[in-house]
Structures are given as C-alpha cells and as structure tokens.
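Numbering (the numbering used here), first residue to last: 1499 to 1897.
#1: Contact between the segment 1649-1666 and the segment 1577-1588: three or more CB pairs below 8 Å?
#2: Name the residue from 1840, 1676, 1591 and 1712 whose alpha carbon lies nearest to the alpha carbon of residue 1688.
#3: What residue range does the beta strand (DSSP E) around residue 1730 cover?
#4: Determine the burial state of residue 1579: buried for a count of at least 16 other Cβ atoms within 10 Å of its Cβ, exposed for fewer.
#5: Does the segment 1592-1609 touch the segment 1544-1557, meaning 3 or more C-beta pairs lie closer than 8 Å?
#6: Output the boundary residues of the alpha helix (DSSP H) element that contains residue 1566.
#7: Roughly how many angstroms lie between the CA atoms of residue 1545 and residue 1751, to the nearest whole one?
#8: If residue 1722 sits next to residue 1807, beta carbons under 8 Å apart, how far is it from one beta carbon to the other, in whole angstroms?
#9: Run the CB neighbour count on residue 1834, radius 10 Å, all protein chains shown included, and call it buried at 16 or more, exposed below.
#10: Would you tell me roughly how many angstroms separate the C-alpha atoms of residue 1561 and residue 1529, rounded to the nearest one?
#11: Of all the options 1755, 1754, 1738 and 1508, which has the alpha carbon lying nearest to the alpha carbon of residue 1747?
#12: For residue 1830, name the three-state secondary structure that DSSP assigns.
#13: In whole angstroms, give me the CA-to-CA distance for residue 1600 and residue 1639.
#14: When you compare each of 1628, 1652 and 1502 to residue 1602 by their alpha carbons, which one comes out closest?
#15: If you run the structure through DSSP and keep just helix, strand and coil, what is residue 1552?
#16: Give me whichever residues DSSP pairs with residue 1645 in a beta bridge.
#17: Quick check: the segment 1790-1799 against the segment 1811-1825, are at least 3 beta-carbon pairs closer than 8 Å?
#18: Name the residue from 1717, 1852 and 1755 whose alpha carbon lies nearest to the alpha carbon of residue 1804.
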C-alpha cells in the first residue's frame, strides 16, 4: 500500500477489490507513509478493450501468465525494475486477443479495466443474475450486471464442464447490445404499406386472419436456434397440433471464421441442438429451410411465421422468397431485415428478460434467468423477491 494510489472512489474495481478487502480487514485504516508515492502512467491502452493503470498494479503477473498460457498471445511483459516496474506490450504489438478482457477479471486490483465499461457504474449499484451467453453453441456461463433496468456488462461464471473460468470478448461486449439496442417497442400491423403501432388484441387478430382458412402445406414456420427450448417447444406444438403443418425448420448460423481451439465455436447460435430436440424439424412430408425458397417462388406458401430470427438478413435468397409471400408474422425482439417485410409484428422478450434453457454443443441443458424487469416477467420476479432465504441480503438491488 506504500505506493498504491487512493483511487478507490473512482476505481471500477472498488467493491470487489482484494487489496481493498485486505486493507479493510487487516490494516489500521490510516497510513503512516509520509513520503512521495511513486508515479507511473495512469491510462495505457494495452489493446482495444483493456486499459492499464501502472500506479494500481501490484506486479502479480497474472495478466502476463494469462496472455501466455491461456490466450496464447504472449505479448505482455514486465519492464523496468524496482519501484519503476510496470507492464507493457512488446514493441510493435497490441494485446488484441479474443480473450483479452479476462485479464480484467483475474486482476486482483483495479490496474486493468474495461474500456467499454469504464466509469459506467459501481459494483454495488448493480444487480447480478446468472445467465448463459447466447453468442455461440458453447453456452458460456455468465453473470449479467444490470443498473436502472439496463444491462451494463457481462462476466464469466466458473463452470469447469463448459467454459472453465473464461469467456470471449465478442460475447462479453455483445451481451449489453443484444438486450439494449434496436428493440421492437410495440405490436405492429402493416396498413397502407406502412407498419403502424397497434394494440396486442389488434395484432393477434391480424395474425389470426393471416392464418385463417389456410391448409397446413400453405404455411411455413421458422423456429429459432437463438430462442429457448421452451419457446421452440411451444412453436413446434403450434405448428404440428394447431396449424397442422409439417413445414417447420430453423436456420443454422455457421461461421467457419469464428471458432478457435479455446472456447469459440463455428455455430453462432446458442440452441441449435435444443431446437431440433424439441421438434423444430420438418414432419410428415414437410419442407425444410432449403426447400422454402422454391415453394415460396411457386406460390405454395401463403403465410410465414418467424420466431426470434432474421431469415431475410441471413440470406438474399430467403429475403427474395419472403418478399413474395402474402403474409409474414414475426415474433421477435429486434428490428431486422425480416421485420421490414412483416405483415404483423409481435414483440417478444430476449433471453435476458425471461427464464428458460439452452442446450449447448455437448447436449448440456443450461438454465438462464431474467435479469431485466419487463411487464411480462414482473409477476415471476416478484415471486423471486419474496424469497428472503435467497435474496434477503441487505445490499440487494433489483434492477
């Protein structure tokens, strides 16, 4: 503590800092050091996502070892000696690994902070909810931090069977945007060529009218590898038991440039295995996604239902096929290329606003819980808040 700055009031690590805890538990609470502290660089960008504060660093070398042993990008090193020792990247390099932000989690002090999250909130101002990263089929276990009903950050949770202690930067940075950005705000119906906001009753009536009188083979239903097992199961029951259609399938989101040997997988959807296991597949002579374009081009498909995905944004061929369909009913959470073509839009919650499960690449079923309060989940959140045995801590914060 001799040279450590008194940055606690502005440090992002305050409230979860090991050095702060040790000082509180074991020190006298007053410094007897009267000499000038050693000063070092306060704001050094080690990479696009990680900021380094040399004065806060305690030279534990955790970040250096992580970059070398886990991220497989050995670009960090100690430089100088004695009280001038600090951390730098090797000349001509930058710490831009897809796992670079994990050093923020393992740093025991506030020497390494997130450029994206810097100064947004204190840890005690946020509520934290266990969840699952929807960025790929790995299904990394994460904790979502929320303040004022807004998702601010995601951190990895330890699960030795799935992601051990880590998560990738892509998933970490994408989670807040997946929930906060570009959302659908109200049910909409197309009138006079324009989508207009309507009540839920009007939107549901319009959807029912688009399906009324159609035979099963005139309807195509898109399930979603991005939706929960529970949502896909209900969509399967709707298609098979109510609409009597076997034209049911989901889009595979494979990106062969994304996967690596650490955590990331080429399957960019969190629940492809789960969607198939609960019945999102052609049945009784029904048609797959691959056959949808030809069926739509021949006028065989009159109405399409899309759950939680963006067929028009995935493929130009699917976009062209959807443009020729009479009615498109979208059950989604975000504005997409498909919602621009929609006849009826029914907004839905994201995975961070509801409870459910994903099935990951190893067929492990993993539960996630609502981190953000909506009108839809308010009742269930109230039931959880009544559990004093689980949520009765004096520092509890809800949204």
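Note that the Cβ used here is the ideal one computed from N, Cα and C, for glycine as well.
Looking at the atomic coordinates:
#1: With a cut-off of 8 Å, the segment 1577-1588 and the segment 1649-1666 do not count as touching, because too few Cβ pairs lie within range.
#2: 1840
#3: Note, residue 1730: premise wrong, no beta strand (DSSP E); alpha helix (DSSP H) at 1727-1735.
#4: Counting every other CB atom within 10 Å of its CB across the protein chains shown gives residue 1579 a total below 16, marking it as exposed.
#5: yes
#6: 1560-1567
#7: 29 Å
#8: 4 Å
#9: buried
#10: 28 Å
#11: Residue 1738 is the option with its Cα nearest to residue 1747.
#12: strand
#13: So the alpha carbons of these two residues sit roughly 14 Å apart.
#14: Ranked by Cα distance from residue 1602, the options 1628, 1652 and 1502 are led by 1652.
#15: coil
#16: 1648
#17: yes
#18: 1717
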